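Visitor: Before I ask anything, let me first share the structure, which is written out below as structure tokens.
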């Protein structure tokens, strides 16, 4: 693929200024979404303002970190190439079909995690879908995008609105009503199942013990556990304990959610926003395989796509990695297997020179 | 804890593959061997060479990683890519000057030698160094190595203009201060000989 512009050109703004801009832009967009989606705050629930505020702050952090991440030359190049390949007009339709396939396998079913380990997949699948389900309910509610009200004519009927538009109504006491009101409990149970399996794995996997860190591996599980258990206690307090400690529990629940939202851009959860890059890489690899291949200068075997090797040379130049060899050769044109063989041959050469010197040759 | 270092001496390798088998026993990459064992030129020589991760001070694999997924532990061991972050691009695989990282297509993740971190982080030898019968892979103290081997351990390399310092040492003659990758060793290999149906070396090459 012929690049039309250089994605690795020297940026005009400093990294921090650039990231600050995108952080503020993301937060502003979220505020604008809350204002318009809640019809000028008419549908906004003031009791949920702390959640909305934390979400805006989190939006700033996510925008900031994502922009910083994209400033890294390899990330920037993949971002640019991924979109360039995906949006190519002659392939857009087939790309959309391929996208649906890989989203289903990678994001929905998470098959690549299943192949790593069934236990890991079980934990991750429940955690991921529990969180997605909870987020799909909590964010629209706290932004004032969806609201419920009782019908004027019948107190037993609930009406649902999205962006002020009536979505429909349902009768209290029906299974649908129960599911609607308890959907966050379902999400909490899914997350707790995920946390249980994740802790079980971490408790039994000797390999995980040696590399796990509290801030990256345990804290996210503790946070998810805290959110889920305090959320479930709210339901228990309402239905089984006549509302005892409800006020305290709701505040405790809010604290856990707000802390998690603020942790979102800086900890392990940021991978939620990085993971879609895997889809771009999939398109990049597909385009690379269809194009010319790079052959190793030493063994003559194909070892990567020509596009990948040429792009890597640009990335390396941007990073100050100097692989240029004498006579116009480039170390990047040697395949990994030949590099390994070459190391042994180099050591051999050093000892042969040494022996020759000793013999006086 | 006694400070041990990892030493590699390619010339001592006897190609027994004990390291390859033992590597797969490590808990951090259970069932998957991370070590490379290369047959250098099957037609001309029986020479083999093991390759573990050299654990660079400023790893090229981490620098070219778009997902910022490759991290070093405080004691300088470069780990496999972080599972939540790795986006399976293979930049690290084709950029590493030592040709170490492996792209595991099945898992869509880069994995590599992590010096058996579950063992080496508590003072035990990595699996490969535990079983290597010839001392090609050795995990011991610097003093012991200097006392018992000819040559000296060096951990400074140059690939073109790129200077690389590693946690792992290679054994070289005493006058050597840095291993420079020489053009002589990376000249193209001669064209393949005419096919011979009874050429065992060729059959083995094809089977690889």
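Chains as they are written, first to last, in this note's numbering: chain A, 102 to 462; chain B, 85 to 292.
Note that CB positions come from ideal geometry on N, CA and C, so glycine has one too.
Treat the numbers as computed from the prediction; the structure is a model and nothing was measured.
What's the call for residue 206 of chain B, buried or exposed, on a 16-neighbour Cβ count within 10 Å?
Guide: Exposed.
Visitor: Could you confirm whether any beta carbon from chain B is found closer than 8 Å to the beta carbon of residue 444 of chain A?
Guide: Chain B contact via Cβ: present.
Visitor: Excluding the 5 residues preceding and the 5 following residue 255 of chain B in the sequence, name in chain order all residues of the same chain whose CB lies nearer than 7 Å to its CB.
Guide: For residue 255 of chain B, where only same-chain residues beyond five positions count, the Cβ hits under 7 Å are 91, 93, 233, 235, 237.
Visitor: With a threshold of 8 Å between beta carbons, is residue 175 of chain B in contact with chain A?
Guide: With 8 Å as the cut-off, residue 175 of chain B counts as an interface residue toward chain A.
Visitor: Assuming contact is defined by CB atoms lying nearer than 8 Å, are residue 431 of chain A and residue 423 of chain A in contact in what I supplied?
Guide: Against a cut-off of 8 Å, the Cβ pair of residue 423 of chain A and residue 431 of chain A comes out as no contact.
Visitor: Taking all protein chains shown into account, do 16 or more other C-beta atoms lie within 10 angstroms of the C-beta of residue 162 of chain B, making it buried, or fewer, making it exposed?
Guide: Classification of residue 162 of chain B: buried, given that the 10 Å Cβ count is 16 or more.
Visitor: May I ask you to report which of helix, strand or coil DSSP gives residue 124 of chain A?
Guide: If DSSP states are grouped into helix, strand and coil, residue 124 of chain A belongs with the helices.
Visitor: Quick check on residue 132 of chain A: does DSSP put it in helix, strand or coil?
Guide: Residue 132 of chain A falls in the helix class under three-state DSSP.
Visitor: Work out the CA separation of residue 145 of chain A and residue 241 of chain A for me, nearest whole Å.
Guide: Taking the straight line from one Cα to the other gives about 10 Å.
Visitor: At 4 residues or longer, what runs of the alpha helix (DSSP H) sit wholly inside the stretch 308–377 of chain A?
Guide: The stretch 308–377 of chain A contains these whole alpha helix (DSSP H) runs: 320–341, 347–364, 372–375.
Visitor: Which word fits residue 227 of chain B, buried or exposed, when buried means at least 16 other C-beta atoms lie within 10 angstroms of its C-beta?
Guide: It is exposed - the Cβ of residue 227 of chain B has fewer than 16 other Cβ atoms within 10 Å.
Visitor: For a contact defined as C-beta to C-beta under 7 Å, what are the partners of residue 163 of chain B on chain A?
Guide: Chain A residues near residue 163 of chain B: 312.
Visitor: Counting only runs of 3+ residues fully inside the stretch 182–261 of chain B, write out the beta strand (DSSP E) ranges in chain order.
Guide: For the stretch 182–261 of chain B, whole beta strand (DSSP E) runs of length 3 or above, ordered along the chain, are 186–188, 193–195, 221–224, 236–243, 246–256.
Visitor: Give the DSSP-derived three-state secondary structure of residue 86 of chain B in the structure shown.
Guide: Residue state, collapsed to three classes: coil.
Visitor: Using the three-state DSSP reduction, which class does residue 179 of chain B fall into: helix, strand or coil?
Guide: Three-state DSSP puts residue 179 of chain B in a helix.
Visitor: Is it a yes or a no for the stretch 280–293 of chain A touching the stretch 195–203 of chain A, going by three-plus beta-carbon pairs under 8 Å?
Guide: The stretch 280–293 of chain A is not in contact with the stretch 195–203 of chain A.
Visitor: Check whether chain A comes within 8 Å of residue 120 of chain B, counting only Cβ atoms and requiring the distance to be less than that.
Guide: Closer than 8 Å to some Cβ of chain A, the Cβ of residue 120 of chain B qualifies, so yes.
Visitor: Looking only at its chain, what residues have a beta carbon closer than 6 Å to the beta carbon of residue 99 of chain B, apart from the 5 residues adjacent to it on each side?
Guide: So the qualifying residues of the chain are 132.
Visitor: Helix, strand or coil: how does DSSP classify residue 162 of chain B here?
Guide: Here residue 162 of chain B sits in strand by DSSP.
Visitor: If you run the structure through DSSP and keep just helix, strand and coil, what is residue 264 of chain A?
Guide: It is coil, neither helix nor strand.
Visitor: What are the residues that DSSP puts in a beta bridge with residue 140 of chain B?
Guide: Per DSSP, B:250.
Visitor: So the alpha helix (DSSP H) residue 417 of chain A belongs to, where does it begin and stop?
Guide: Residues 407–420.
Visitor: State buried or exposed for residue 349 of chain A, treating a residue as buried only when at least 16 other CB atoms are found within 10 Å of its CB.
Guide: It counts as exposed.
Visitor: For the beta strand (DSSP E) that residue 121 of chain B lies in, which residues bound it at each end?
Guide: Residue 121 of chain B -> beta strand (DSSP E) spans 120–123.
Visitor: Pick from A:364, A:189, A:434, A:273: whose alpha carbon is nearest that of residue 258 of chain A?
Guide: When each option's Cα is compared against that of residue 258 of chain A, the closest is A:273.
Visitor: Give a yes or no on whether 8 Å exceeds the smallest Cβ distance from residue 72 of chain A to chain B.
Guide: Because chain A is modelled from 102 through 462, residue 72 of chain A falls outside the range shown and cannot be assessed.
Visitor: Just the Cα atoms here: how many angstroms apart are residue 102 of chain A and residue 164 of chain A?
Guide: Caution is warranted here: a pLDDT of 46 is assigned to residue 102 of chain A, below 50, making its placement in the model unreliable, and no coordinate value can be reported.
Visitor: Look up residue 109 of chain B in the DSSP assignment and say whether it is helix, strand or coil.
Guide: It is coil, neither helix nor strand.
Visitor: Could you check whether the stretch 140–159 of chain B touches the stretch 394–412 of chain A, counting it as contact only if at least three pairs of C-beta atoms, one from each stretch, sit closer than 8 Å?
Guide: They do not touch, by the three-pair rule.
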